[in-house]
Amino acid sequence: MTTIRLTAAQAMVKYLSVQMTEAGEPFLAGVWAIFGHGNVAGIGEALHAEREMITTYRGHNEQTMCHAAIAYAKQSGRRRAMAVTSSIGPGATNMVTAAALAHVNRLPLLLIPGDVFANRGPDPVLQQVEDFGDGTISVNDCFRPVTRYFDRITRPEQLLTALPRAFRTMTDPAECGPVCLAFCQDVQAEAYDFPASFFEPKVWRIRRPYPDPVELAAVFNLLKAAAKPVIVAGGGVHYSGATDALKAFAEKHRIPVVESQAGKSALAWDEPMNLGPVGVTGSSSANVACAEADLVLGVGTRFQDFTTGSWNLFRNPERRLVSLNVAAYDAMKHGAEPLCCDAEVGLEMLSEALGDLRFSGPNSALKQEWFAAVDPLTAAPQGNELPTDAQVIGAVQRASGDDTVVMCAAGTMPGELHKLWKAPRPGAYHMEYGFSCMGYEIAGAIGIKMAEPERDVVCMLGDGSYMMANSELATAVMLGLKITLVITDNRGFGCINRLQMATGGAEFNNLLDHAEHAQPSNIDFAAHAASMGAAAVHVASIAELEAALERAKEAAGPFVVVIDTDPYPSTEPGGHWWDVAVPEVSTREEVLEARKAYEGEVKMRAGG
């Protein structure tokens, strides 16, 4: 057997560089790295040696580097991914939040944190957490509940099994998610005679599981007996590449489609079968269609809380629930009739079984009424009042084109964009709302642009998210990535402030003026962005915003537009009740009144 003597770190990097997609591209599009104690001597040196084969990118925070990698994988439809390496200690734990984000969203991410010495020579080593009752614990054990596969590399030869397992997980459509290979720092530097065959290029094919015949027949019978079915399109439609199959299925059988946050843009906004966004942040057209349906067919959705209105949209015992999902865990939720298979394959086979069966189709009046209610909200204000988020979205929409990708993650914007954004084609809407992680936005925009350089990427975020994680703006400048940031400054966490008020709470600790302070907060976001090298401007009106967005199209790198907005209004039409518990006991009458209303809602929705 021919062998190659390499350090464990060299072997890992060499292996990573030759794992390929079916399209002939490297599965890993690069490695994000912040070097430090635990990865600079081993992994850092190995990455330098293979820099022509696999590119290393430097960020400013381990969590946001992961966010960029996750957004890359999401925008790539899970067909490619990126790796992130960190030092031990805080560098590693910075990535735990991002691992949870990838886990919730079922997205591939390879995490390679440094770890303590396997030989326990230096003990405790710098940044080591000591567990008084377990000598095998390190901070990397934090990754266990938020990764799909976890391994600790304590011997070089363990890579021979750990690496293939990692890639199997990242390319498995049902188990896809983050992988953590905690790499003991002394082992990184140890040499071993690896089989040369281990480094031969390997193509990872993402399988398309076919449905079980019995499940297919059961779903066929349910659909055949239905009178008013509706389809809930989720993120799995995008990951399967099933947008065309969904369109063909819906048109052939005349079944209306509603979209979750992850599923939005599965169909173009103006497709006749598309009744719009569903759930808590959904449209009246979609939510009424679900309320009237006698069968709900979920396609690639995990039926998240917001999508289902805390399950109240689908709680009618006379309504049947069907879940077409590649993951059995999701296909069985809430007693759904499962159709466990790939979305594209499942839709095509189900359509063939249904033959020429056609339903009554969507109620087009619902859609017309919805847009009649919300389109005026996106128009520019007539007076000098602060603009709303809806009006900002309207300006961005008017400046956008078919190649625009609008993206966001947390705060007010996800709900407003879900309701109001008119996505012209698949992939035009990128929302991280599975974990709704503040700070994803700027790094996520970087990942999207790296995945699809030809697209016009517009990142919409509030001042709260910007303050939480803005450092990768400097990375975007350094990499020369042309992205547009629209920062809506409502002086705090406006979305949560409204929720606080809606549940009877006093305005407290959300808007900056309501937080404990000695000096009023006065942040110049445009100046801050400019200090990192971005072109930046503060605008005073929607008209100025539209003019700035035109200038942004000619920018060579990141372009930041800041606009002050009103923290109180949100789009009232549409939406659905969301279960947010209100305290039973309070000294404030407003909270007690809100509790009475809450109990009434719970009782009503439980059928009491």
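Just add 377 to wherever you are in the sequence shown, counting from 1, and you've got this note's numbering.
Glycine included, each C-beta is placed from N, C-alpha and C at the ideal position.
These figures come from a predicted structure and were not determined experimentally.
- prompt: VAL938 bridges to which residues according to DSSP?
  reply: VAL863, VAL914
message: On a Cα-Cα basis, can you pick out the residue from TRP954, ARG965, ASN438 that is closest to LEU690?
response: TRP954
- prompt: Taking SER813 as the reference, which of ALA879, ASP682, MET909 has the closest Cα?
  reply: ASP682
message: Measuring straight from C-alpha to C-alpha, what distance separates ILE919 and GLU829?
response: 29 Å
task: Return helix, strand or coil for ARG525, following the three-state DSSP convention.
output: coil
task: Determine, using beta carbons only, whether VAL614 and ALA450 come nearer to each other than 8 Å.
output: no
field: Nonlocal neighbours in the same chain, by C-beta distance under 6 Å from ILE632, ignoring five residues either side
entry: PRO606, ILE608, PHE736
field: Beta-carbon proximity of GLY677 to GLY732, cut-off 8 Å
entry: no
- prompt: Which residue's Cα is closest to the Cα of HIS630: PRO739, ALA643, ALA663, PRO694?
  reply: PRO739
Straight-line Cα distance separating ASP752 from LEU797: 8 Å
query: In the structure shown, what three-state DSSP assignment does LEU858 receive?
result: coil
- prompt: Going along the chain, which unbroken runs of the alpha helix (DSSP H) with 4 or more residues stay wholly within the region 784 to 828?
  reply: 789 to 797, 817 to 828
message: DSSP has ARG868 in a bridge; who is on the other side?
response: In DSSP, ARG868 forms no bridge with anything.
Selected residue, minimal CA-CA separation from TYR810, among ILE465, ALA820, GLY788, GLY804: GLY788
Anticipated Cβ contact below 8 Å, MET808 with MET784, distance rounded: 7 Å
- prompt: Could you check where the beta strand (DSSP E) with CYS717 kicks off and where it finishes?
  reply: 714 to 717
Counted within 10 angstroms of its Cβ, other Cβ atoms place MET389 as buried (16 or more) or exposed: buried
Proximity of ASP563 and PHE494 at Cβ, strictly below 8 Å: yes
Continuous alpha helix (DSSP H) assignments of at least 4 residues falling wholly in the region 532 to 564: 536 to 548
message: Given a cut-off of 8 Å on the beta-carbon distance, is the pair ASP492 and GLY415 in contact?
response: yes
Sequence-distant residues of its chain with Cβ nearer than 7 Å to LEU850 (five each side left out): ILE819, ALA906, MET909, ALA911, PRO935
task: Let me know the secondary structure DSSP gives VAL481 once reduced to three states.
output: helix
query: Are MET459 and VAL408 close, meaning C-beta to C-beta below 8 Å?
result: yes
Enclosing alpha helix (DSSP H) for TYR706 [first to last residue]: 705 to 708
query: How is the beta strand (DSSP E) around ILE489 delimited, first residue to last?
result: 486 to 492
Supposed close pair GLU923, ALA772 - CB separation, criterion 8 Å: 5 Å
Candidates GLU978, MET378, ARG832: closest to LYS859 by CA position: ARG832
task: For my contact list, SER661 and TRP747 are in at a C-beta cut-off of 8 Å; report their separation, rounded to the angstrom.
output: 5 Å
- prompt: Considering only residues of the same chain and omitting the five flanking positions on each side of THR852, which have a CB-CB separation below 7 Å?
  reply: GLY436, HIS437, ILE823
query: Between the beta-carbon of ALA786 and the beta-carbon of SER848, is there less than 8 Å?
result: no
query: Hey, would you say the C-beta of PHE412 is under 7 Å away from at least one heavy atom of the ligand HEM?
result: The ligand HEM is absent from the structure shown, which contains no ligands of any kind.
- prompt: With a CB to CB cut of under 8 Å and the five nearest residues on each side skipped, what residues in its chain are close to ALA708?
  reply: SER700, LEU701, ASN702, PRO715, LEU716, CYS717
- prompt: Near VAL959, which residues of its chain fall below 7 Å by C-beta distance, leaving aside the five closest residues on each side in sequence?
  reply: THR880, GLY881, VAL968, ALA971, ARG972, TYR975
- prompt: With which residues is ARG435 paired in a DSSP beta bridge?
  reply: ALA410
- request: Could you check which residue in SER898, ALA932, LEU540 has the C-alpha nearest to that of VAL914?
  value: ALA932
task: Within its chain, find whatever has a CB closer than 6 Å to the CB of SER898; leave out the 5 residues flanking it on each side and keep chain order.
output: LEU889
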